[in-house]
Structures are given as structure tokens and as C-alpha cells.
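Chains as they are written, first to last, in the working numbering: chain U, 4 to 377; chain Z, 105 to 352.
Next comes the structure, spelled out in C-alpha cells:
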């Protein structure tokens, strides 16, 4: 994919492996206007030296390989081309990449786990992960981010013909962590991709999940839950690029915000190109603003370049807790604080319920409970 | 033995006076029907007693066994023994019926019920109201039909065992079968003897199943006539016209 093949969208006009192709953002750019650059600790301007302590460990079930490879490995950068300055910075700065391969037709009996644990915010870390799911294979990957770090990375999910990949990415960082990440899924013919993003921790997290298709029949479902506390900036930027006919995408992100300067940003871009006839897509973002001083920016963009779509829609709502919900629960004797927790838990829980692995679902629910108890 | 005493209650919505001095006493073992035309303030009375934030109390008192409910929060009123069966129960996404009921029972009783006991109570309560067992796992009121919502309100009534129950148009939107099931639930609750019921309705139909001891006619934000069950018969025959004219 070269510079000229990207969609017309002003948001995603350029992609390159070369850092020099991207100017240092000033904050005035559309892609950066919501992000507090001063809190990126230099990830965006080349000042963040790769002297950080971040340990990445992969745990794979039998039949699945995990290798650490050098930058020259041909599997790197095949599915994804960096789309912004920090992404390009990460691409140019990582030393070794983790490549996980699920062989053709394999159906591992357990999920693949990748643990990233940061050891502090002195110095930055850069990473690159490639997950290849070969044709007709089925796999689940759980990515957990913990500890404290200044970290930029790119993750490529390469989902082969008729293959299925489910990803849960949990951003459960300490309060001071800074994390800028791109998750790109490339779906071959009839491939299925399910992404579930949970972002709870960190001072600043900017996560950009994107999807592209290389054949018809691809089906992508991108769900996300975030809980933003005072002072946190949690940003999710979705991009689904429909360039093949008869593919599906569904985006559903929900967040709750509480406390002074809690800031959520959600950008949902869907592009349906001329050749993507029969596309079926829907994107939704809902924010529950629990206190004064919290702010949610939610921007859905749907760019349709063909007249032949099966369905295309988007919705975005940001609002307070519904007084009628709270009244009903309180009228049954349930105290206000508990009524509030029940409603918020219900709001996020409806999405969390969709996580199929019970152990992971319970962990995510537990992490949300912990946020509610704060 | 409990007593709900409503004294000269005055309520406004957005600075507009709705209730203009309501006086009413409900004791354990008594069933009072409040009847009246649409817009007479019947539902306002119910929601004001329960503490809905939309209604502003501009005067009067509501005492439950001497405690002024108006000084309490919504949940404190419920824990003090007041129950409001709502005309339009709201849908709460993502909160399951069983989770909700357990939270409510725990709050009202002051301790969590034993799991097995609760499951048993819930099952027999649901059976008695012909509520499908699968309802327990559904989201609160979400996708419930009108009749299902009302049955679910009565299920809560029976589980929470309040001192005083205010039933706000529980009969509205019910077909005869559902009305019978719901009425039986109310009668089971009444048969416990130590509870009072304030039944708000537009129609006399439910009063054939749930016999009131007293009937109050509501018009223009106050009680305009009171009597025994025979008053309901008179309303059935003559309608509300004479009262609406009088207050117009």
C-alpha cells in the first residue's frame, strides 16, 4: 500500500514506514486535536528515548508458535503501514518483534496470552507484534497491559481465508502510564475478526484499532469499554476501510466517565469505497457522564463512495445517568450509590457479556467493579 | 399495625400546583381506592409520596407510623415500608430481573436473603403470577409487554412485603386474564392482614376483583367525595362528569 492508495478521507490521507514522512504534530491537526501532546512524554517528537523497562511475555497453547524476530523479518509490516507520527516512531524504534502464528486449520484448545508489564515511566519503550492466523484456523488472543510505562506500539492481526480471530486487549495500566497503540486487522476472504478493547488505566491512552479487507465476505466486530477517572485521557480511534465487496463491520464502544478532567475521545471512521458493494456496517458510541468536569468527545464519520450498500449507519450518544432508572431502583429500597452502580454495570455489562471466555469476562467485569468502587 | 397519614398535601410540577390539599389516612388491613378522571392528580399523589424528583412538595405532610416520609430519600421511604407499583415501570438495560430483585430484597430487609431461600421465594412468586422462569435472566422491564410489566410490579410487592402499598393504575392496559392474575396477587398481599393498600385507578373494573373498603373520588387535585364500595358503583353508572364540571 503506497501513499496514493489510501482513501480520500482527510483523516487517513497518508501511510508510510518512513518517519520523515510525518511532521511532528502540533495539536492543530485533525488527527491530534483531541490529544494532549504535552502528556505524550515525547512519543510524538522523537524525544522519548527507548530506555524504558517493559517486559513482554507470550504464552501459547500447543500448536501455536511465538517467536521473537529481527526487524528484517518479512512478516513485519505486511498488513499494516504506520498511519501517523507515533505509529511510525514505534515502527522505526522497536528492536525485536513478537510473531505469533496459528497454523492452517489449527484450533488451539486454549487462548494465546500476551502480557506486557511496564517497569516505570523513565524512558520509553517501543514494540511490534504480529499475529498470523492462517486459513481456516481459529484463535483467541488476550493482550494484557499492566504496570507503568511510556509505550508506543503497533500490532498486526493477519487473518487468513475463512479464519477466525478473537482479540481481547486489556489496558489496565497504572495511573501514570502513557500508551499509544495501533491495532490493525487485515481480513482475507470470509475471515472473522472480533476485537474487544477494555481501557481502564493510564494517564493517557490513545488506541487506534483499524480494519482492512483483502477479499469479500470478511466480518469485523469491534467492541470497546472504557472507564475514565479524574485526569485521565482515554482515546479510541476506529477506522474500518471497506475496500472489498460484501464485507461487514460493527463497532460498539461504551464508556463511563467520572471526575474532574476525565476525558474520553472516540473517533469512528468508516470508509466504504467504490468497489465495496454490499457492505453492511454500523458504528455506535455511547458515553455515560457521571459527574461534572468530565468530557466526552465522540465523532462518528461515515464516508460512502458507492451507492450499493447493504446497510450503513452510525450513532453517538453522550448523556447522564437516567433519573428514571435511578428512581425506579431507589423506589425499591436500593440506596442511590448502589442504584448508580447497578445502572453503570448494566450499561457496560451488556457489552462485556459478549466476551465468550468466562475467565476473561469475569476479569473484565471485576476490573470494572473495581473502578466503580473507587 | 401501620398507618399512612397524608395531611393537607400540596404538590407542584414546574411551579404549577397539581395537588391542592389532600387528606387521607390508610391503616393496615384497609384498602382504599382513589378514583378520578385523567389529569385529576391521582398519579401525582402516588409519585409525590414515593419521592419522585419531578414533583415539588409545597405543603403538608405524609406520615408513615409518625415518620414524615417527605423528609426521607426515595430509598429510605421504601425501606421504611412504602411501595409504589408504577404505572409505567422503566426499562433498565443490562440489569437482570433476578439481580435487581435480590438487591431490592437485600436493601429492604437489611440483609441479604439466603440464596436458596430467595430462589425458592422467587420461583413460587413467579409461578403464582404466571411469570415465565426465563424472566429472571432478562433485563429489567426490557421488552416486557404491558401485562408482564404489571405482573412484575406485583411480584416485587409480594417479595418486598411493604407496610403500605400504593398501586398506580396497575390495572391499566391489562386484558381480563392478566387483570385476574394481578388482582389475585394483590389479594394475596392483602390477606397477610398487616398491610394497607392505596389503589389508584381510572376504571371500576379492578374493584370487582380487589374489593375496596373505602372509595375516594379525586378531581382537581383533591378528594371531592368519599364513601364505601357503593360509591364505585355510582361512578360506574354515572361517570366522572359531575366532578369534572364542578372543578372546571
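All residues carry an ideal CB built from backbone N, CA and C; glycine is no exception.
Predicted, not measured: the structure shown is a model, and the values here were computed from it.
Around the beta carbon of residue 71 (chain U), fewer than 16 other beta carbons sit within 10 angstroms, so the residue counts as exposed.
In the three-state reduction of the DSSP assignment, residue 309 (chain Z) falls in the helix class. Burial state of residue 105 (chain Z) is exposed, judged by a 10 Å Cβ sphere holding fewer than 16 other Cβ atoms.
Residue burial annotation: residue 235 (chain U) is buried, with at least 16 other C-beta atoms found within 10 angstroms of its C-beta.
Out of U:27, U:25 and U:37, the CA that lies nearest to the CA of residue 301 (chain U) is found in U:37. The CB of residue 179 (chain Z) comes closer than 9 Å to the CB of 332, 333, 334, 335, 336, 337, 338, 339, 341 and 342 in chain U, given here in chain order. With fewer than 16 other beta carbons inside 10 angstroms of its own, residue 318 (chain U) counts as exposed. Put simply, the backbone Cα of residue 32 (chain U) is about 27 Å away from that of residue 178 (chain U).
In summary, the residues of the segment 205-217 of chain Z whose CB is separated from some CB of chain U by less than 7 Å are 207, 208, 211 and 212, in the order they occur in the chain. Listed along chain U are 330, each with a C-beta nearer than 7 Å to that of residue 156 (chain Z). In the structure shown, residue 79 (chain U) falls within a coil segment according to DSSP collapsed to helix, strand and coil. Residue 221 (chain Z) counts as exposed, since fewer than 16 other beta carbons sit within 10 angstroms of its beta carbon. For residue 174 (chain U), no Cβ of chain Z is located within less than 7 Å of the residue's own Cβ. The Cβ atoms of residue 134 (chain U) and residue 145 (chain U) lie no closer than 7 Å to each other.
The alpha carbon of residue 268 (chain Z) has as its nearest neighbour, out of Z:114, Z:135, Z:125 and Z:112, the alpha carbon of Z:135. Listed along chain Z, the residues sitting closer than 9 Å to residue 353 (chain U) by beta-carbon distance are 197, 198 and 243. Inclusion of residue 316 (chain Z) and residue 137 (chain Z) in the CB contact set at 7 Å is warranted, their separation being smaller than that value.
Contact between the segment 243-252 of chain U and the segment 211-220 of chain U is present, with at least three C-beta pairs closer than 8 Å. For residue 194 (chain Z), the residues of chain U that pass the 7 Å Cβ criterion are 327, 328 and 331, in the order they occur in the chain. Its Cα nearest to that of residue 141 (chain U), the residue U:106 stands out among U:240, U:106 and U:39. Minimum Cα-Cα distance from residue 148 (chain U) among the listed residues U:160, U:128 and U:136 corresponds to U:128. Against residue 346 (chain U), the close residues of chain Z are 196, 197, 198 and 199, in the order they occur along the chain (beta-carbon pairs closer than 9 Å). Across the segment 246-277 of chain Z, CB contacts with chain U closer than 8 Å involve 260 and 264, in sequence order along the chain. Interface annotation, residue 349 (chain U): in contact with chain Z, CB-CB separation under 7 Å.
Within the same chain, 217, 222, 263 and 264 come within 7 Å of residue 209 (chain Z) by CB-CB distance, once the 5 residues on both sides are set aside. For residue 188 (chain Z), the residues of chain U that pass the 8 Å Cβ criterion are 334, in the order they occur in the chain. Residue 259 (chain Z) sits close to residue 229 (chain Z), with the two beta carbons spaced by under 7 Å.
Here residue 40 (chain U) has 28, 30 and 47 as same chain residues with Cβ atoms under 7 Å from its own Cβ, once five neighbours each way along the sequence are excluded. Here residue 65 (chain U) is exposed: its Cβ has fewer than 16 other Cβ atoms, across all protein chains shown, within 10 Å. When Cβ-Cβ separations below 7 Å define contact, residue 336 (chain Z) makes no contact with chain U. A direct Cα-Cα distance of roughly 52 Å separates residue 266 (chain U) from residue 288 (chain Z). Secondary structure note for residue 216 (chain U): its beta strand (DSSP E) is the uninterrupted segment 207-216. Rounded to the nearest angstrom, the Cβ distance from residue 306 (chain Z) to residue 276 (chain Z) is 7 Å, consistent with a contact under 8 Å. The C-beta of residue 308 (chain Z) has 16 or more other C-beta atoms within 10 Å across all chains shown, which makes the residue buried.
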